[in-house]
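Novice: This is the structure I have questions about; it appears just below.
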Amino acid sequence: MENKLIKKGDKIAIASPIFSPYLEIPRLNDYDLVEVEIMADPDDDWQYPDSELEKLKDPSIKAFFVVNPGNPQARAISNAKIKLIADIVKNDNPELIIITDDVYATFVENFRSIMAEIPSNTICVYSFSKHMGCTGWRLGVVAIYENNRIDEMIRNLPESLKTDLINRYESISLDPENMKFIDRLVADSRSVALNHTAGLSLPQQTQMTLFSLFFMIEDNINYIEGTKKALNKRIHVLYKALDLPLDYDRTATNYYTIIDLLEIAENRYDKSFAKWMEQNYNSVSFVFALADKESVVILPGSGFDAPGWSVRVSLANLRYEAYEEIGKKMLETLDAAYKDYELNQ
Ligand SMILES: Cc1ncc(COP(=O)(O)O)c(C=O)c1O
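Using the working numbering, you'd call the opening residue of the sequence shown number 1 and step up by one each time.
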């Protein structure tokens, strides 16, 4: 917005369900963006239907926010769909800016980022917090390809806007007109005037360097494989406890899973109980009851714009035995609702 590429009232597309800040930030009065949802299909391993992705052809959509692999759906976008996104950008909406948050990239075999397919239009976000288990440390990076469309769009702005931008950045550059977008982004993260303090602190950068070097040492491939195995074991234990089938899906990170409570209610009891639940409860009351009575914390899918009766269970932190208990307690909470239902019949 500072560089006049997006303004209040513009349309942005959001690949949903999605990590909730991506839904909440555009609605703030600072931005006032109009959202167009690109909805994933839960019945197709959470891939985006072509008809949804084709919404991106509309040139009035200025940016596309996507988390890949997703949170909460924990699936990578298939290569065929990534190719379709790139084709739409090239042929129909060449000024679309894609912001892809790839923080879960390392959990999927042969992961391919949108950035690899269409680097010119993509801003890539990565954080060490997931793979290195350092969520509180705020260690992340933003990557932009050196020959990118965003710099070109800034170069092509009308003269009057360019003059405004020269005024904005002239205190930190001898050639403000030709400052690259990535450098403007860094400066704007500290209101331009504090550009000299922008970026992460030295201890943070040192830690990030150590993490990066660790990834590059071949022996440590065992760590990457080990985290994948741990997540895989946890999800199997959880699904067994919930008595649910678990299909192998090569796009899954297994870092989170989405569970449909109505589906369990229907399969474990019957349709009329599921209907009664829908009328008398909601997934938020289920999540609160589970936290209140069983001290198990999971999240309602609705906060991520996932289906209303879905819940997200994180597989990131606990020993695998804990997932047996989580599954059992989820079923006990459903049993309690079923007893309530029987009493009311
Ligand atoms: C998609 C996505 N991006 C970013 C983050 C947060 O990363 P960090 O811990 O570096 O703030 C999360 C954490 O939940 C996430 O799911």
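C-beta atoms are modelled at their ideal positions from N, C-alpha and C, and glycine is treated no differently.
Computed from a predicted structure; not experimentally measured.
Helix, strand or coil: how does DSSP classify Met1 here?
Specialist: It is coil, neither helix nor strand.
Novice: Note down the Cα distance separating Leu165 from Met208, rounded to an integer number of angstroms.
Specialist: One C-alpha to the other measures close to 32 Å.
Novice: For Gly140, verify whether its CB is less than 6 Å away from any heavy atom of ligand 1.
Specialist: It does: the Cβ of Gly140 is within 6 Å (strictly closer) of some heavy atom of ligand 1.
Novice: Is the closest heavy atom of ligand 1 to the C-beta of Thr135 under 6 Å?
Specialist: Yes, ligand 1 has a heavy atom inside 6 Å of this Cβ.
Novice: Can we say the segment 136–156 touches the segment 280–293, given the rule of at least three CB pairs closer than 8 Å?
Specialist: No: fewer than three Cβ pairs fall under 8 Å.
Novice: Using a threshold of 7 Å, state whether the C-beta atoms of Phe107 and Tyr255 are closer than that.
Specialist: Taking 7 Å as the Cβ cut-off, Phe107 and Tyr255 qualify as a contacting pair.
Novice: Answer yes or no: the CB of Phe107 versus the heavy atoms of ligand 1, is any distance below 6 Å?
Specialist: Outside the cutoff, so no.
Novice: Can you check which of these residues, Arg27, Phe181, Glu54, is closest to Ala40 by C-alpha distance?
Specialist: With distances taken between Cα atoms, Ala40 lies closest to Glu54.
Novice: Under the assumption that Ala15 contacts Val67 (Cβ atoms under 8 Å), give the Cβ distance between them as a whole number of angstroms.
Specialist: Right, their Cβ atoms sit about 7 Å apart.
Novice: Report, in whole angstroms, the separation of the C-beta atoms of Arg349 and Leu315, which I expect to be a contact under 8 Å.
Specialist: Residue coverage of the chain in this structure runs from 1 to 345, which leaves residue 349 outside it and unanswerable.
Novice: Any heavy atom of ligand 1 closer than 6 Å to the CB of Asn71?
Specialist: Yes; taking the cut-off as 6 Å, the Cβ of Asn71 has a heavy atom of ligand 1 nearer than that.
Novice: Can you look up Asp219 in the DSSP assignment and give me helix, strand or coil?
Specialist: Reduced to three states, the DSSP call for Asp219 is helix.
Novice: Report the residue ranges of all beta strand (DSSP E) runs contained in full by the segment 25–93; include only those spanning at least 3 residues, in chain order.
Specialist: For the segment 25–93, whole beta strand (DSSP E) runs of length 3 or above, ordered along the chain, are 34–39, 61–67.
Novice: Going by beta carbon distance, what residues of the same chain come within less than 8 Å of Thr333, once the five residues before and after it are set aside?
Specialist: The answer, listed in chain order, is Phe286, Ala289, Leu290, Lys293, Glu294.
Novice: Have a look at Ala322, Ile298, Lys271 and flag the residue whose alpha-carbon is nearest the alpha-carbon of Tyr341.
Specialist: For the residues Ala322, Ile298, Lys271, the minimum Cα distance to Tyr341 belongs to Lys271.
Novice: Quickly, what does DSSP pair Cys124 with across the bridge? List them, please.
Specialist: According to DSSP, Cys124 bridges with Thr100, Ala143.
Novice: Which whole-angstrom value is the C-beta distance of Gly301 and Val311, which I expect to be below 8 Å?
Specialist: Going by Cβ atoms, the distance from Gly301 to Val311 rounds to 6 Å, so yes, they are a contact pair.
Novice: DSSP state of Ile118, grouped into three classes?
Specialist: Reduced to three states, the DSSP call for Ile118 is coil.
Novice: If you follow the beta strand (DSSP E) that Ser16 is in, where does it begin and where does it stop?
Specialist: Residues 11–16.
Novice: Let me check one thing: in DSSP terms, what residues is Val311 bridge-paired to?
Specialist: Partner(s): Ile259, Pro300.
Novice: Give every residue of the same chain whose Cβ lies closer than 7 Å to the Cβ of Tyr338, excluding the five residues on either side of it in the sequence, and list them in chain order.
Specialist: Around Tyr338: Tyr269, Phe273.
Novice: Note down, in chain order, each residue of its chain lying with its Cβ closer than 6 Å to the Cβ of Asn148, except the 5 sequence neighbours on either side.
Specialist: Answer for Asn148: Ser120, listed in chain order.
Novice: Using only CA atoms, which one of Tyr323, Glu117, Arg184, Glu52 lies nearest to Asn167?
Specialist: The shortest Cα separation from Asn167 among Tyr323, Glu117, Arg184, Glu52 belongs to Arg184.
Novice: With respect to the alpha helix (DSSP H) encompassing Leu165, which residues constitute its N-terminal and C-terminal limits?
Specialist: 159–169 is the span of the alpha helix (DSSP H), which, as asked, contains Leu165.
Novice: What's the call for Asn29, buried or exposed, on a 16-neighbour Cβ count within 10 Å?
Specialist: The residue in question, Asn29, is exposed, as its Cβ has fewer than 16 Cβ neighbours within 10 Å.
Novice: Going straight from the alpha carbon of Ile18 to that of Ile61, what length do you get?
Specialist: Their backbone Cα atoms lie some 18 Å apart in a straight line.
Novice: Three-state secondary structure (DSSP) at Ala252?
Specialist: Ala252 falls in the strand class under three-state DSSP.
Novice: Consult DSSP for Asp270 and reduce its assignment to one of helix, strand or coil.
Specialist: Correct three-state label for Asp270: coil.
Novice: Distance, Cα to Cα, Leu200 vs Ala105?
Specialist: Looking at the two C-alpha atoms, the distance is approximately 22 Å.
Novice: Grab me the residues of Phe211's own chain with a C-beta within less than 7 Å of its C-beta, minus the 5 sequence neighbours each way, in chain order.
Specialist: Counting only Cβ-Cβ distances below 7 Å, and skipping sequence neighbours, we find Phe128, Met132.
Novice: Give me, in chain order, the residues of the same chain whose beta-carbon lies closer than 8 Å to that of Asp92; leave out the 5 immediate sequence neighbours on both sides.
Specialist: These residues qualify, in order along the chain: Leu56, Lys57, Pro59.
Novice: For Met179, name the three-state secondary structure that DSSP assigns.
Specialist: It is coil, neither helix nor strand.
Novice: Which residue marks the beginning of the alpha helix (DSSP H) containing Ile326, and which one marks its end?
Specialist: Its alpha helix (DSSP H) spans residues 320–343.
Novice: Just to confirm, does Val67 get its C-beta within under 6 Å of one of the non-hydrogen atoms of ligand 1?
Specialist: Yes, Cβ of Val67 sits closer than 6 Å to a heavy atom of ligand 1.
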